[in-house]
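In my numbering, the protein residues as written are 1 to 196.
Using N, Cα and C, we set each Cβ at its ideal position, and we do this for glycine too.
Following: one structure in structure tokens, then a few remarks.
Listed below in structure tokens is the structure:
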């Protein structure tokens with residue numbers, strides 16, 4: 001009786017141990033994100049002019065669609081000799097059910113605090129822009145305004161307007177200093193003759 005009870009306890013302990021190991025493996029699999037990586041993805045390259053760069057982006061950074069995760073950055077590269085000038089290239093993978101068009105918009109979103117930036121695809125593109133992009137296609141990136149400015153209505157158009165205003169103010173300032181130098185050159189002889 002004692003031997004059969006011992007054998008039964010050994011079988012129960014072994015079953016419990018194997019069950020616990022299986023649950024641990026399944027939990028590790030789910031928590032590591034491996035299941036997500038096994039999904040169907042397409043590869044694209046998002047590029048940013050060197051003047052904008054891609055601060056805070058590293059391999060593993062999230063790629064979002066309207067703020068929801070749809071992929072990740074796989075690599076960050078530099079292209080310093082390209083026809084479009086020096087730029088930063090981000091190799092990304094996104095869910096294959098997304099149809100990105102030639103006019104798709106991808107933005108670099110930087111947090112107010114912290115360093116982990118993300119790429120947010122805010123516009124998939126319109127059918128009028130052309131057929132869906134193939135794997136490996138280039139998508140131009142831009143920098144997103146901070147969320148608090150965006151909620152107040154400040155977007156890419158306003159960013160362009162502000163930049164145009166700054167450029168115009170610089171031009172006016174340059175013209176003012178040039179005219180000041182010309183005026184100074186004309187007034188200088190009059191002042192010298194008045195001093196005599």
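Looking from the CA of residue 92, the closest CA among 84, 159, 6, 106 belongs to 106.
Residue 90 sits away from residue 125, with the two beta carbons spaced by 7 Å or more.
The three-state secondary structure of residue 41, taken from DSSP, is strand. With three or more CB-CB distances shorter than 8 Å, the segment 81 to 90 counts as touching the segment 50 to 65. For residue 122, the uninterrupted beta strand (DSSP E) segment begins and ends at 118 to 123.
Residue pairing of residue 105 in beta bridges, as defined by DSSP: 123. CA-CA distance, residue 61 to residue 71, rounds to 9 Å.
A distance below 7 Å between beta-carbons, with the five flanking residues on each side excluded, links residue 109 to the following residues of its chain, in chain order: 117, 118, 120, 144. For the pair residue 141 and residue 43, the CB atoms are not nearer than the 7 Å cut-off.
Contact annotation: residue 138 and residue 45 have beta-carbon atoms nearer than 7 Å. Distance check between residue 94 and each of 19, 79, 68 places 68 closest, using alpha-carbon atoms only. Residue 57 sits buried, since 16 or more C-beta atoms from the chains shown fall within 10 Å of its C-beta.
By the Cβ-count criterion, residue 41 is buried, with 16 or more other Cβ atoms from all chains shown falling within 10 Å of its own Cβ.
The continuous beta strand (DSSP E) containing residue 91 extends over residues 87 to 95. The beta carbon of residue 102 sits closer than 7 Å to the beta carbons of 125, 129, 130, 133 from its chain, once the five residues preceding and following it are set aside; these are given in chain order.
CA-CA distance, residue 114 to residue 165, rounds to 31 Å. Around the beta carbon of residue 104, 16 or more other beta carbons lie within 10 angstroms, which makes this residue buried. With a contact defined as Cβ atoms closer than 8 Å, residue 75 and residue 59 qualify at about 6 Å. Contact between residue 66 and residue 122 holds: their C-beta atoms lie close to 7 Å from each other, under 8 Å.
In this structure, DSSP gives residue 156 a helical state, which the three-state scheme calls helix.
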